[in-house]
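**Q** The structure under discussion is supplied below as C-alpha cells; questions concerning it will follow.
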Amino acid sequence: MQRSRMDLSIFATPEAWISLVTLIFLEIVLGVDNLVFIAITTDRLPHGKQHIGRILGLVGAFFGRAAFLCFASFLVHLATPLFTIDLGFYTHGVSVRDLVLFCGGAYLIYKGIDEVRDMLALTELKAEHSEEHKDARLISLPQAVGTIVVMDLVFSIDSVITAVGLANHLIIMVIAVLFAIVLMIVFIDFISDFINSHPEMKILALTFITVIGILLVLDGLGINSGFEVFDMHAEKLMVYFAMVFAFVLELIQMSYNRRVADFRIERPKEDDAS
Numbered sequence: 081m082q083r084s085r086m087d088l089s090i091f092a093t094p095e096a097w098i099s100l101v102t103l104i105f106l107e108i109v110l111g112v113d114n115l116v117f118i119a120i121t122t123d124r125l126p127h128g129k130q131h132i133g134r135i136l137g138l139v140g141a142f143f144g145r146a147a148f149l150c151f152a153s154f155l156v157h158l159a160t161p162l163f164t165i166d167l168g169f170y171t172h173g174v175s176v177r178d179l180v181l182f183c184g185g186a187y188l189i190y191k192g193i194d195e196v197r198d199m200l201a202l203t204e205l206k207a208e209h210s211e212e213h214k215d216a217r218l219i220s221l222p223q224a225v226g227t228i229v230v231m232d233l234v235f236s237i238d239s240v241i242t243a244v245g246l247a248n249h250l251i252i253m254v255i256a257v258l259f260a261i262v263l264m265i266v267f268i269d270f271i272s273d274f275i276n277s278h279p280e281m282k283i284l285a286l287t288f289i290t291v292i293g294i295l296l297v298l299d300g301l302g303i304n305s306g307f308e309v310f311d312m313h314a315e316k317l318m319v320y321f322a323m324v325f326a327f328v329l330e331l332i333q334m335s336y337n338r339r340v341a342d343f344r345i346e347r348p349k350e351d352d353a354s
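The structure is reproduced here in C-alpha cells:
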C-alpha cells in the first residue's frame with residue numbers, strides 16, 4: 081500500500097473523490113448501530129452528564145479510528161488466521177478480527193438482554209423514587225466513555241479494513257471518519273433523547289443491539305451468507321431493513337395513539353360547548 085502524505089493535490093483526481101464519497105457513505109451506514117449503543121449507554125449517566133458523555137465518546141471514537149487507520153499495514157494482518165479450529169463438520173481459521181467480533185458481539189448480547197431485564201424490572205422508574213436503585217443503575221462518565229470508544233472499534237473494525245482497501249491515502253480515510261463523527265455529534269442528542277423517552281423505541285433499539293451482537297458472534301465464528309452489498313454482509317443489511325421497517329411502524333402507531341388521545345380530550349369540550 082502506498083504510504084500517504086498529507087498531499088491535498090490528490091483531490092484533483094476523480095478517483096479520490098469517489099473513494100471519499102464511498103467511505104463517507106459506509107461510515108454513516110455502519111454508524112447506525114454505534115449511535116443506538118451510545119444512546120443506550122449514556123442513558124445510565126446522570127442527566128447532566130449525558131450530553132458530555134456522548135460528545136466525549138464520539139471524540140474518543142474518532143481518535144480511536146484515526147489511530148487504527150494510521151497503522152494500515154497492521155490492519156491487513158488482522159484477518160490473518162492465528163490458529164485453526166477443525167471439528168470435521170466445522171473448520172475455521174481464527175484471526176484477531178474474529179476474536180474482536182466474537183467478544184464484542186457477546187458483550188452486545190449481554191448488554192441488550194440486561195437492559196431489557198432492567199426495563200421489565202422497572203429499574204428506571206424505581207430509581208426515580210429510591211436512591212438505592214438510582215445508585216445501582218447509574219454508571220460513571222469515564223466508564224461510559226471508555227465503553228463507547230471500545231465498542232466503536234468493534235463496530236468499525238470491518239469498515240476500517242474496508243477503508244484501507246478502498247483508499248490508498250490516509251487523508252481520505254481520516255476525512256471520511258471525521259465527517260461521519262461530526263454528523264453523529266449533530267444528531268446524537270436528538271436520537272438518544274427520542275429513544276430513551278419512548279419505551280417502545282428503546283425496546284426496539286435493545287432488540288437491534290442484541291441482534292447485531294448475534295451477527296457479530298456468528299461473523300467471528302466465520303458463519304455468514306457470503307453475500308455482500310456495499311461491503312456489508314447481506315444478513316446485516318436485512319437486519320437494518322427490518323429494524324427501519326419496525327421503527328416506521330412504531331412511529332405510525334405513536335402518531336395514531338397521540339391523535340386518538342387528542343380526539344378524546346377535544347371531544348368532551350365540543351360536547352359541552354354544544
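Taking my numbering, I'd label the letters of the sequence shown as residues 81 to 354. We put the CB at the ideal spot given by N, CA and C, even for glycine. All values reported here derive from a predicted model rather than from experimental measurement.
(1) Using the beta-carbon count (16 or more within 10 Å), is Met334 buried or exposed?
(2) Exposed or buried, what is Arg83 when buried is set at 16 or more other beta-carbons lying within 10 Å of its beta-carbon?
(3) Where do the ends of the beta strand (DSSP E) carrying Ser175 lie?
(4) Give the straight-line distance between the Cα atoms of Leu296 and Phe163, rounded to the nearest whole angstrom.
(5) Here's a check: name, in chain order, each residue in its chain whose Cβ is nearer than 8 Å to the Cβ of Cys150, leaving out the five neighbours to either side.
(6) Is it buried or exposed, Ser277, if we count other Cβ atoms within 10 angstroms and call 16 or more buried?
(7) Considering only their Cβ atoms, is the gap separating Leu181 from Ile237 smaller than 8 Å?
(8) Please look up how many angstroms separate the CB atoms of Leu100 and Ala256, rounded, as I've assumed it's under 8 Å.
(9) Taking Ala159 as the reference, which of His172, Ile98 and Ala147 has the closest Cα?
(10) Starting from Thr122 and walking both ways along the alpha helix (DSSP H), at which residues does that stretch end?
(11) Assuming Leu188 and Gly293 form a contact by the criterion Cβ under 8 Å, report the distance between their Cβ atoms to the nearest whole angstrom.
(12) Answer with yes or no whether the minimum CB distance from Leu258 to chain C is below 8 Å.
(13) List the endpoints of the continuous beta strand (DSSP E) containing Leu162.
(14) Using a Cβ distance threshold of 8 Å, determine whether the segment 115-131 contacts the segment 266-284, with at least three qualifying pairs required.
(15) Determine the burial state of Arg145: buried for a count of at least 16 other Cβ atoms within 10 Å of its Cβ, exposed for fewer.
(16) Can you give the Cα-Cα distance for Met260 and Met253, rounded to whole angstroms?
(17) Using the Cβ count rule (16 or more neighbours within 10 Å means buried), how would you classify His194?
(18) Classify Asp166: buried if its beta carbon has 16 or more other beta carbons within 10 angstroms, exposed otherwise.
(19) Output needed for Ile135: all residues of its chain with C-beta closer than 7 Å, excluding positions within five of it in sequence on either side, in chain order.
(20) Are the Cβ atoms of Gly184 and Ile289 separated by less than 8 Å?
(21) Can you tell me whether His131 is helix, strand or coil according to DSSP?
(22) Near Glu346, what residues of its chain come up, given a Cβ to Cβ distance below 7 Å and the 5 sequence neighbours on each side ignored?
**A** Put simply:
(1) exposed
(2) Only weak support is given to the placement of Arg83: the predicted model assigns it a pLDDT of 44, under 50, and the question is left unresolved by the model.
(3) Thr171 to Ser175
(4) 19 Å
(5) Leu250
(6) exposed
(7) yes
(8) 6 Å
(9) His172
(10) Val112 to Thr122
(11) 3 Å
(12) As a matter of chain content, chain C is missing from the structure shown, which is built from one protein chain.
(13) Pro161 to Asp166
(14) yes
(15) buried
(16) First, the residue type needs correcting, since residue 260 is Ala and not Met in the sequence shown. Roughly 11 Å separates the two Cα atoms.
(17) In the sequence on display, residue 194 carries Asp and not His. With fewer than 16 other Cβ atoms within 10 Å, it is exposed.
(18) exposed
(19) Ile265
(20) no
(21) helix
(22) none
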